[in-house]
Every structure is written in C-alpha cells, then in structure tokens.
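Have a look at the structure below, then the notes.
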Ligand SMILES: [K+]
Ligand SMILES: [K+]
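Residue numbers (my numbering), protein chains in the order written: chain Y, 1 to 437; chain G, 438 to 874.
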C-alpha cells in the first residue's frame, strides 16, 4: 500500500503528521502557563505557524507557553526550516542505511534542487551550515541581549537558541512578547538578526556557492540572480522606508540607527520580526511590504512567496517584451522559455490564491481590506508580519490562514501537482539553471 | 517621412491628436458655464476620459460644461468607442478611395480582429450595428426618463443621445450630475442602460455572430468563451451583491428592484455608471469590483481590462495544471500554448502596472490604499467608477491616471509593442481563435 503513495503525497502527509504531533504536544497542560490545556485551534495554529516558519500567532508566545512549549515550537521551526526530508536523510545516513533513488527524488522535490546526485552530501552540508550559522548567531546574541543571564544559564541559552533558530529559519517567533521592538536602537542585535534572516532567505545552494566559489563571475546564473534580486529588493525597501519614515518613526534617531532600522524593515520581509510595529509604518510602505512579501525568499530557502528568481525572470521577460526581443537574457545567458512560462504561471496562481482568500476572509470575518490582504500575503509567503487581525479571526479565518501557511511552505505548484495526483508535472522539469517558485 | 511611421505608432499619434483637439475645444470659453476658460489639466483630463470611454471626471459634467461642451464630450466618446481607424475607413470608403493593405493592417490592430480580409465590410457593419443599438437605446430612453422634454426637444434629444452613446460605448459620462442614482428604482432605465453596457462590452465580433449565427454550438470558440465568461462574472457579481447588500442598500426595495439593482452593479463593471454610489457598497464587494474591473470587457469591444478571454484562458490553464493535464481545452477545442502564455503575460503586466501606479499615487498624493487601488484599476480598465478621490488628485496624479486610461484604451501589449518600436510582436501572431488582451 505504501508503495502506491507518490513522493509528493508522502511529503504532504509527513508535514501533516509532524503538524499533528506538534499540535498534540502543544495541547498538553504541560505546555501552557495557564490552567488547563490550550484549545485545539490555538495549538494547531501555533504548530502550523512554527512548522511552516511563518510566525503568525494568536497567543503571545512568551507568556502563554511554558519552557516545554517553547522547546516544541523551536523544534517545529527547525524541522520546518531544515525540511523534513533533509532530516530523514540525515537520520538514515547516520543509521548507515542505503538511500535509494525514490527517496532522493523526494528530497529533491522538497528542497527544489537541481539534480538528485550528491543529495546526501548536500543534506549533510545543509545541516552543518545551519548549525554553524545558528551557532554563530546564538553566540553573538549571547553577548548582545541585555540582562540575558539573569534567570540562569538554561533560560539564557534557550532564549538565544530560540531566536537564532527563529531568525535563520525566517520564522519570526520571539520570546520577548514584543518581537525586537524593545531593542529597536540596539544596532548589534538588529545587525545579527537581519544578517541571519537574509542568509536564511538565500537558499542553501546560494550559500554553498558563496562559501565555496566566492567569485561573482564564477557563480551560477541561479546564484547571481538570487543575489541581484535580493540586493535590489533590500535596497529599494530600505531607501523607501528611510525617505518615507525620516520624519516619522525614524525621527530623533541617530543616523546609524536610521540606516540600520531602514535596512531591517526590508530584511524582515521574509522573517516577520519587527522592531517598529507594522501599524506604525506609513501606508505606502505597508503596500510595498505586501509586494515584497509576495515576492518572498529564494528557492530552496526556508522562506515562501513566489520567490526572487520567479520575480526576476518575470521582470526580465516583461523587459524583453518591451524591448521587442525574443530571448530573455541575464548575464549573457538565455533563460529557457519554459522557466519564463512557469514564472508567469506561479505569479498568476499565487495572485489568484491571494485574491480569493482575501475576498473570502473579508466577507466571512467582516474585516477591512488592507489588513486582510496583508495577513493573507503574509501567511502565503510564510512571513508572519501582521497588522494585528490574527487574534480577531474566527476559527474559519484561522483555518484559511493555516492552509495558506501550509501551501506557502510546501509551494503552490507542488501542492497543486500533489493534489492533481497524476505527478505529471508540466512545469517541473526544467532545462536551465534558474529555479522558479 | 510618413512612410517610416509604423501602424502602431500611427494609431498612438492619431489618438493623441484627437485628444489634443478635444482638449483645445473644451478649453474654449464657449464650452464652460463658468466665466473664463477651463484649465488645461481639467480640459485634458476630461477629453482623455471621454476619448478612452473611461468616465472619470474632476468637474461635474452636467453643470460645468455648456451644451457645446457636452457635444464635444459626446463626439469624443463616439470616436473612442468606434475606434479612430474604423471611422477613418468609413470616411475613405465613402470618398471612394481604395484602401490598401497597410491601412487594413492598422484597423486590424486597432480593433484586434482575426484577419484583414473583409475589414472594410466589418467596419461598415460595426457602424451600422452601433447606430442601430444606440438609436434603439436612445428611443427607449426617450420614453423612460421622467420630465425629459420639459426643456424642449433639442435638450431632450441631446440628453438621450448622450446617454445612449455613453452607455453603449461603456463611457459612463452622465448629464444628471449623479449618474443614474436618481433613477435607482426605475427598472426600465436600469434595464436599457445595463443591456447597452453589456452589448457594448462583448465586442463586435461576438455581436455580429449573435446576429448572424444565433445557434450556440455554431458560434466560434471565441464568442462562446466571451459569452461564458461574461455570463459567469455577471452572475457571480450579482449574487454577491444581492446577498451582501440584502439588508443594506437593497433594504426596503421590492424584489424586482433588488434583483435589477444587483445585476446592474455587476454590469456596470465595464461602464462606470452608478445607481448606488460606490462608497455605499460593502468593502468585500468593492474588492470584488476591483477584480471584475481588472478582468474587464471582451477583446474588440469598447471596454478595457485584461479582457474576459484572457481571464478565461488563464483560469482554464490553471485548472488544467491542477488536474495534471497538458492541454488547455474548452468546448472540445484546444487553446494554443501561445495564447496561454500571452494570457499569463498580459495579466502579470497589467498587475505590475496597477501595483506600480498605486504605489506611486499613494506615495505622492498621500491618499489611502483602497481608494487609490480602486481608482488605478478603474482607469486602467477604462471603467470610470471611483471611490471619490479623482477630484483630490494633484496634476501629477491626474497625469498618471490619464496615462493609465490611454494605455487601457489602446491595450497594454499594443502600447508596449509600439514603444518598443521594432514591431516584432512576440505574442501578436496567434494560431488559434481566442483573442487575448
Ligand atoms: K516567517
Ligand atoms: K467607462
């Protein structure tokens, strides 16, 4: 019977099972600081938010959950970030078991990698790289957070580990109760967190190449496009925030803080940490954030959205149409027509999902347009920023948002293909090096 | 020198010249009821809105303009609706001049028709059909408007002709000062106007086939798709309005009025007439209207938007991806992959235009998100509905909206191809019968 389950379905089922396990663990009275146990919907929403590294919450993480609860959330974020399949591979490797082709395919699909060869090595590298970056980040945070060790070493270690995992996996969960808002003017903390967020958003392929190749012109087309688009988005987002908030939330801050805070707002588009609350932003920047969240992180990374390469490909394609050119060219290499078509398809499908979900939630919950649109895009792109309506949602709205987080984590095309059941993936096999969606 | 100008550029230049002429005429003191002449920006915006059959206004049409001004606006709407090229062809034909191929191509591009053969005959048919529908509509309105003939036959004739032209060409200009809001419960007027709007939104190809063929299964794939999508949108829009406004704007009205008013709200998505002000609608319906306006009218019609067939093709394509099928099939005919790709491209390009324009206007004008988004989509789809911010726009905002109306009327792909200058139309030559964009 198991043999009849296709890799994609197995992936979905695995995530669902971990989600269920997380929900059950969070429902234990042991996990809640309040008397009795957390309700099913609250526990499920929190587990899903953690597993999909989204970070939307309906109960305050810091105060509602016990240390046990925090550890469950932390583990769920790490599983979601690393990817279940990567973890399974590592386990199997450590047990000395042979990994056969079917399994390799599954990992490739989960992390959206180019080929199946060297997948085991890749997964090990991912694991090492993750530990290395999270470890370094946690160590740095250990020096930076004020009053960290007051409640003893265990609490302190948990605190920095939790935030290192949350940052590198772009989850955005926090143990402060107010995200990083108390540390808005702490340059060190902001720098460490936003560096980890950005590294996590690039995807392991790019990180590995950066570690191993280091020379721009020797990087793959994929890596160069990821770096180019990520850089462009952070630049545009930072400058927009800097200019539009100069006399508002940035007023009175020293220049260094003004710059760091501005870059932080652009960097957090894939993670969901805040050092300035979303509702304090000017409305044009909130709209820009909706667009930046929609674009999202890079393929094979911990983040969601339509992906930077998809956006880059679509923009390049539009640009070549405008210039009357047939070929879509980047860095003197042509992007396959198939990738271009896939890019347009992913953008339109994600757009449709956003439109339908927004209309549905607005109608059923009676909430205003912009906060609902913001919440929907934030969930679908597994960002976790919110204009504050998460806690106002009925169970119906929470379930819609939960499903969006799930679809966002697994990828809209993968979900669609798995649901189709045929595994005849029309846009799955590419001829070129650009990963889309 | 003239030989070097390409058809597409000639089209743009012709529209621009008529626009300029309309602007000058509206700037004459003769056109304004107020002392002195209307300002350049007000005259240009009104002329552009009329020529592109959009209907957005910054001065009240009824009170600001004299009868002369009303005639100018009426003529601009008719020119915009019929298409400059159709008119030029008719003129040439009547003068007995031979129409050579270059000119035929131009008409084909303007009205987006399948082939160049029989274009002259087609244009004549368009002219006759337009006169017939507008004449019938005007005659019916002559019986329906209360107190119509009180100011004499000239005023009365102008009134019904103006509204017949405005309705069939989906312009939405009115001489009442409050659109059709004073006639909200006049079933006759609402029925006539919404029938004319809908007929105008189908495109002449479909209208001709409906007149000549009449049997569903003998209609072209194009016509069937147009009718299917138009019907579906009107149905969804009406039902949504009916249910969501039952206890609000529809409260107290008899059932017949409730139904007519609901259908009217869906029908006006391509024209911009109102019998219930936009700001009285519930917010989810306003959002649905943004989507319906974005989809727009059908190819070769007087309306804008990405077009019903584009939307239909994209939805079908997504549906076949979900079902794991390779071919996009409708009514047992396969839609060419090229049309599908063009459809996705048009949707994404229009979406990008909307996003960038919205962000620009929000930032420069400091206006809130939803009204700006609504206004931008309304302009780009040449609809003319407004949440009331048109009059609050600075000249900068008015110019952006004006350009959007222009791009919307001529078609985003045509504009892009013309600006590219190469006329190497990547997606212009199709192998199948579905018109996109
Ligand atoms: K996140
Ligand atoms: K209109």
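Just so it is clear, CB atoms sit at the ideal spot from N, CA and C, and this is done for glycine as well.
1) Which residue comes first and which comes last in the alpha helix (DSSP H) that contains residue 627 of chain G?
2) From what residue to what residue does the alpha helix (DSSP H) around residue 313 of chain Y run?
3) What residues of chain Y sit near residue 839 of chain G, judged by a beta carbon separation below 8 Å?
4) With DSSP collapsed to three states, give me the class of residue 770 of chain G.
5) At a Cβ threshold of 8 Å, is residue 416 of chain Y touching chain G?
6) Return yes when the C-beta of residue 407 of chain Y is under 7 Å from any heavy atom of ligand 1, and no when it is not.
7) Candidates Y:238, Y:69, Y:358, Y:148: which alpha carbon is nearest residue 440 of chain Y's?
8) Checking 8 Å against the spacing of the C-beta atoms, do residue 279 of chain Y and residue 387 of chain Y come in under that value?
9) For a test of the three-state rule: what should DSSP assign to residue 486 of chain G, helix, strand or coil?
10) Is it the case that the Cβ atoms of residue 234 of chain Y and residue 263 of chain Y are separated by a distance below 8 Å?
11) Along chain Y, in chain order, which residues have C-beta atoms closer than 7 Å to that of residue 721 of chain G?
12) Closest Cβ-Cβ distance between residue 788 of chain G and chain Y: below 8 Å?
13) Could you give the first and the last residue of the continuous alpha helix (DSSP H) run that contains residue 73 of chain Y?
14) Using the beta-carbon of each residue, which ones in chain Y are nearer than 7 Å to residue 751 of chain G?
15) Does chain Y have any CB closer than 8 Å to the CB of residue 807 of chain G?
16) To the nearest angstrom, how far is the alpha carbon of residue 123 of chain Y from that of residue 205 of chain Y?
17) Residue 212 of chain Y: buried (16+ other C-beta within 10 angstroms of its C-beta) or exposed?
18) Quick check: the stretch 398 to 415 of chain Y against the stretch 69 to 76 of chain Y, are at least 3 beta-carbon pairs closer than 8 Å?
19) Rounded C-beta distance between residue 606 of chain G and residue 514 of chain G? I'm assuming under 8 Å.
20) Quick check: what's the CA-CA separation for residue 578 of chain G versus residue 705 of chain G?
21) By the three-class DSSP mapping on this structure, what secondary structure does residue 496 of chain G have?
22) With 8 Å as the threshold, decide whether the Cβ of residue 75 of chain Y is near any Cβ in chain G.
23) With DSSP as the reference, please indicate the residues paired to residue 394 of chain G in a beta bridge.
24) Counting by C-beta, which residues lie closer than 6 Å to a heavy atom of ligand 2, in chain order?
25) Identify the contact partners of residue 725 of chain G in chain Y, using a Cβ-Cβ distance below 7 Å as the criterion.
26) Distance, Cα to Cα, residue 148 of chain Y vs residue 178 of chain Y?
27) In whole angstroms, what is the alpha-carbon distance linking residue 297 of chain Y and residue 194 of chain Y?
28) Leaving out five residues on either side along the sequence, give the residues of the same chain with a beta carbon under 6 Å from the beta carbon of residue 398 of chain G.
29) List the residues of chain G whose Cβ lies closer than 8 Å to the Cβ of residue 355 of chain Y, in chain order.
30) Name the two residues that bound the continuous alpha helix (DSSP H) containing residue 230 of chain Y.
31) Identify every residue that forms a DSSP beta bridge with residue 469 of chain G.
32) Classify residue 688 of chain G as buried or exposed, calling it buried when 16 or more other Cβ atoms lie within 10 Å of its own Cβ.
33) Sort out for me which residues DSSP pairs residue 328 of chain Y with in a bridge.
34) Less than 7 Å between C-beta atoms, sequence neighbours within five positions excluded: which residues of the same chain meet that for residue 456 of chain G?
According to the structure shown:
1) Your numbering for residue 627 of chain G matches position 190 in the second chain. Looking at the DSSP string, the run of the alpha helix (DSSP H) that includes residue 627 of chain G is 624 to 639.
2) Taking the first residue of the first chain as 1, we reach residue 313 of chain Y at position 313. Residue 313 of chain Y: member of the alpha helix (DSSP H) spanning 308 to 322, first to last residue.
3) Start at 1 with the first residue of the second chain, and residue 839 of chain G comes out as number 402. The contacting residues do not exist; residue 839 of chain G stays about 21 Å from chain Y at best.
4) The sequence position of residue 770 of chain G within the second chain is 333, counting from 1. Reduced to three states, the DSSP call for residue 770 of chain G is strand.
5) Counted from its first residue, the first chain places residue 416 of chain Y at position 416. Output row for residue 416 of chain Y: interface = yes.
6) The sequence position of residue 407 of chain Y within the first chain is 407, counting from 1. No, since every heavy atom of ligand 1 falls outside the 7 Å radius drawn around the Cβ of residue 407 of chain Y.
7) The requested residue 440 of chain Y is not part of the displayed model; chain Y covers only 1 to 437.
8) Walking along the first chain from the start, residue 279 of chain Y turns up at place 279. Walking along the first chain from the start, residue 387 of chain Y turns up at place 387. Result yes, Cβ atoms of residue 279 of chain Y and residue 387 of chain Y sit closer than 8 Å.
9) In the second chain, the residue the question calls residue 486 of chain G occupies position 49. Correct three-state label for residue 486 of chain G: helix.
10) One-based indexing of the first chain puts residue 234 of chain Y at position 234. One-based indexing of the first chain puts residue 263 of chain Y at position 263. It is a contact, given that the beta carbons lie within the stated cut-off.
11) Residue numbering aside, residue 721 of chain G sits at position 284 when the second chain is read from its first letter. Going along chain Y in sequence order, the residues near residue 721 of chain G (Cβ under 7 Å) are 359, 362, 363.
12) For the purposes of this step, residue 788 of chain G is identified with residue 351 of the second chain, where counting begins at 1. Chain Y, which has a Cβ nearer than 8 Å to the Cβ of residue 788 of chain G, makes this yes.
13) For this step, residue 73 of chain Y is matched to residue 73 along the first chain. Per DSSP, residue 73 of chain Y belongs to the alpha helix (DSSP H) from 67 to 82.
14) Against the second chain, residue 751 of chain G aligns to sequence position 314. Correct list: 348.
15) Numbered from 1 along the second chain, position 370 holds the residue referred to as residue 807 of chain G. For residue 807 of chain G, the answer is yes, since a Cβ of chain Y falls inside 8 Å of its Cβ.
16) In the first chain, counting from the first residue as 1, residue 123 of chain Y sits at position 123. In the first chain, counting from the first residue as 1, residue 205 of chain Y sits at position 205. Residue 123 of chain Y and residue 205 of chain Y have their C-alpha atoms spaced approximately 11 Å apart.
17) Position 212 of the first chain, counted from the start, is the residue given in the question as residue 212 of chain Y. Only exposed fits residue 212 of chain Y, as fewer than 16 other CB atoms lie within 10 angstroms of its CB.
18) no
19) Within the second chain, the letter at position 169 stands for residue 606 of chain G. Within the second chain, the letter at position 77 stands for residue 514 of chain G. About 5 Å; that satisfies the 8 Å criterion.
20) One-based indexing of the second chain puts residue 578 of chain G at position 141. One-based indexing of the second chain puts residue 705 of chain G at position 268. Spanning the two alpha carbons is a distance of roughly 17 Å.
21) By 1-based counting over the second chain, the position of residue 496 of chain G is 59. It is coil, neither helix nor strand.
22) The residue you call residue 75 of chain Y lines up with position 75 of the first chain. Cβ-Cβ to chain G under 8 Å: no for residue 75 of chain Y.
23) Only positions 438 to 874 of chain G appear in the structure, and residue 394 of chain G is not among them; the question remains open.
24) G:490, G:491, G:492, G:607, G:608, G:609, G:708, G:709, G:819, G:820, G:821
25) Numbered from its first residue, the second chain carries residue 725 of chain G at position 288. Contact annotation for residue 725 of chain G against chain Y: 359 [CB-CB distance below 7 Å, chain order].
26) Working through the first chain from its first residue, we reach residue 148 of chain Y at position 148. Working through the first chain from its first residue, we reach residue 178 of chain Y at position 178. Approximately 16 Å between the Cα atoms of the pair.
27) The residue labelled residue 297 of chain Y in the question sits at position 297 within the first chain. The residue labelled residue 194 of chain Y in the question sits at position 194 within the first chain. Each residue's alpha carbon lies about 14 Å from the other.
28) No answer is possible for residue 398 of chain G: it lies beyond the span of chain G, which begins at 438 and ends at 874.
29) Sequence index remark: in the first chain, residue 355 of chain Y carries index 355 (1-based). Those are 728, listed as they occur along chain G.
30) Residue numbering aside, residue 230 of chain Y sits at position 230 when the first chain is read from its first letter. 221 to 245 is the span of the alpha helix (DSSP H), which, as asked, contains residue 230 of chain Y.
31) Taking the second chain and counting its residues from 1, the one referred to as residue 469 of chain G is at position 32. In DSSP, residue 469 of chain G forms a bridge with G:502.
32) Position 251 of the second chain, counted from the start, is the residue given in the question as residue 688 of chain G. Flag for residue 688 of chain G reads exposed.
33) Locating residue 328 of chain Y in the first chain gives position 328, counting from the first residue. Paired residue(s): Y:335.
34) Numbered from 1 along the second chain, position 19 holds the residue referred to as residue 456 of chain G. Cβ neighbours of residue 456 of chain G beyond the five flanking positions: 484, 485, 488.
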